[in-house]
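Enquirer: Last residue of the sequence shown: 1344 in my numbering, with the numbers rising by one and none dropped.
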Amino acid sequence: MRRLVIDSATEACSVALFDDDVLLAGECLTLGRGHAERLVPMIAALPGKGRADHIAVDRGPGSFTGIRVGLAAARALALAWNAVVEGYDSLTLLAGMARAQYPGLAVDVVTTGGHGEWFFRAFAADGAPLTDLVSRTPDAVAALSQAPLLAGSQAEALATARGDGAIALPLWPDARAFALLGPCALTADAAPVYGRPPDARLPQSR
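Now the structure itself:
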């Protein structure tokens, strides 16, 4: 089974093509902005222009625009190829990437959120989530965090805030690491996970 993996939910933008669990090709770029312009050419550069039976896409949390770019590309290609779309979340992938480097350690994943907040979720040594996804201020996240291993874009900042010698891995989601996800990490629901309520609200009726 061939699977195209699309990850544009954060500052990084990456694609990968797998044959079962074997990585055939992939690319990861740190863009910050411009995911919409770069994503499709990155997919087209893959073998067979990335065509696959299944498409896995990072549904967040992360950048509002980046999440929607990835989801839109996945759904359009799935329609054209008659492929199945599956979703996964960015923090679970980061936890898998961290545990690959430090097996046997619980990991707290912390990434850049909106309005000065951080996204946070704790994972056990076997990858099982220990907490729900939350968006909190840095001080609040430092009070929540207890794991010996920290991963994500704000891992070093959290390690400094904790000041207890935790290992910090500055990581961003990478589609090429998709095989580190367990089968339970995939969901048929590819709805976006923004991690916090929208900033804009509809006017309340009187």
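All residues carry an ideal CB built from backbone N, CA and C; glycine is no exception. Bear in mind that the values here come from a model prediction, so they are computed numbers and not experimental data.
#1: Return yes when the Cβ of Asp-1246 is within less than 8 Å of the Cβ of Ala-1260, no when it is not.
#2: In the DSSP assignment, the alpha helix (DSSP H) including Glu-1175 goes from what residue to what residue?
#3: Under 8 Å, with one C-beta from each stretch per pair, do the region 1165-1179 and the region 1218-1235 reach the 3-pair mark?
#4: What separation, rounded to the nearest whole angstrom, lies between the Cα atoms of Ser-1291 and Val-1195?
#5: For Pro-1308, count the other beta carbons within 10 Å of its own beta carbon; 16 or more makes it buried, fewer makes it exposed. Which is it?
#6: According to DSSP, simplified to helix, strand and coil, what is Ser-1273?
#7: Would you kindly check if the distance between the Cβ of Glu-1255 and the Cβ of Thr-1275 is under 8 Å?
#8: Measure the alpha-carbon distance for Asp-1327 versus Phe-1257 and round it to whole angstroms.
#9: DSSP state of Arg-1213, grouped into three classes?
#10: Mapping DSSP to helix, strand and coil, what is Ser-1146?
#11: Compute the distance between the beta-carbons of Gly-1333 and Pro-1199, then report whether it is under 8 Å.
#12: Please name the residue, chosen from Met-1139, Thr-1148 and Glu-1149, that lies closest to Asp-1157 on a Cα-to-Cα basis.
Expert: Short version:
#1: Contact: yes.
#2: Its alpha helix (DSSP H) spans residues 1173-1182.
#3: A contact is defined here as three or more CB-CB pairs under 8 Å, and the region 1165-1179 fails this definition with respect to the region 1218-1235.
#4: Going from the Cα of Ser-1291 to the Cα of Val-1195 covers about 19 Å.
#5: So Pro-1308 ends up on the exposed side.
#6: The three-state reading of DSSP puts Ser-1273 in strand, counting E and B together.
#7: Result yes, Cβ atoms of Thr-1275 and Glu-1255 sit closer than 8 Å.
#8: A direct Cα-to-Cα measurement between Asp-1327 and Phe-1257 gives close to 21 Å.
#9: Three-state DSSP puts Arg-1213 in a helix.
#10: Correct three-state label for Ser-1146: coil.
#11: In this structure, Pro-1199 lies closer than 8 Å to Gly-1333 by Cβ.
#12: Nearest in C-alpha terms to Asp-1157, of all of Met-1139, Thr-1148 and Glu-1149, is Met-1139.
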